[in-house]
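Counting from 1, position 48 in the sequence shown corresponds to residue 48 in UniProt numbering; the numbering is continuous, with no gaps.
The beta-carbon is built from N, C-alpha and C at its ideal position, and this holds for glycine as well.
Taking it in order: structure first as structure tokens, then the write-up.
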Amino acid sequence: MSALAAGITPAGDSIDGVVWNILGQTYKPVASCDSCFAFDTLFPDGTFVPPHIHSTQDEFIRVLEGRFDLVLDGKPVVATAGDLIRMPMGIMHGIWNKSGSPVRALFWVSPARSLETLFKRIHNVPDPAEVIRIASEHEVEFLPPPG
1 MSALAAGITP AGDSIDGVVW NILGQTYKPV ASCDSCFAFD TLFPDGTFVP PHIHSTQDEF
61 IRVLEGRFDL VLDGKPVVAT AGDLIRMPMG IMHGIWNKSG SPVRALFWVS PARSLETLFK
121 RIHNVPDPAE VIRIASEHEV EFLPPPG
């Protein structure tokens, strides 16, 4: 039995070699089943995911390298290498890399729902407004900018 068939994704690999470019960030799926979907990420400096809500999923981040600035339920939070962030379903959160260096992190959601399908659909979509529109079809609600 291969490592992948046994449930092991070797370091640096992704499922079937898939790599998604989502608004300048790199996402690699590493686990996918009904109960969870996990993906490695690389956030170049200056990239972000604006405030949004997953109404049907809990989301988690394990920061592997670097520092994220986040807003979680309206409160600022900083997470550095080794930290684990839990973002419960229905709670607004946003993620920014303002660190001056790339950030590597493992993200996962539970249950998986259709987040993997969303990422397939928004891969290489250059227009943030179109990404937001498509996300709304997959239970991810982006919030309007403040003000």
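Asked                                                                                                 : Found
For glutamate 65, the first and last residue of its enclosing beta strand (DSSP E)                    : 58-65
Distance, aspartate 83 Cα to leucine 23 Cα                                                            : 24 Å
Unbroken beta strand (DSSP E) run spanning leucine 143, endpoints                                     : Premise fails: leucine 143 is in no beta strand (DSSP E) and is neither H nor E.
For lysine 120, the three-state DSSP class (helix, strand or coil)                                    : helix
Under the three-state DSSP convention, the category serine 101 falls into                             : coil
Validate contact between the stretch 53-66 and the stretch 13-33 using beta carbons, cut 8 Å, 3 pairs : no
CB of phenylalanine 68 within 8 Å of CB of asparagine 97, strictly                                    : yes
Alpha carbon of leucine 42 to alpha carbon of valine 103, nearest angstrom                            : 6 Å
C-alpha gap between proline 144 and alanine 129, whole angstroms                                      : 11 Å
Chain B contact for arginine 62 (CB, 8 Å cutoff)                                                      : Reference to chain B is not applicable here, since this structure consists of a single protein chain.
Backbone CA spacing between serine 101 and serine 35 [nearest angstrom]                               : 33 Å
Start-to-end residues for the beta strand (DSSP E) that takes in residue 148                          : Limits of the chain in this structure are 1 at one end and 147 at the other, which puts residue 148 out of reach.
Residues sharing a beta bridge with histidine 52, DSSP                                                : His93 and Phe142
Pairwise C-alpha distance: serine 136 and phenylalanine 142                                           : 8 Å
Where threonine 47 falls, given that 16 or more other Cβ within 10 Å makes a residue buried           : buried
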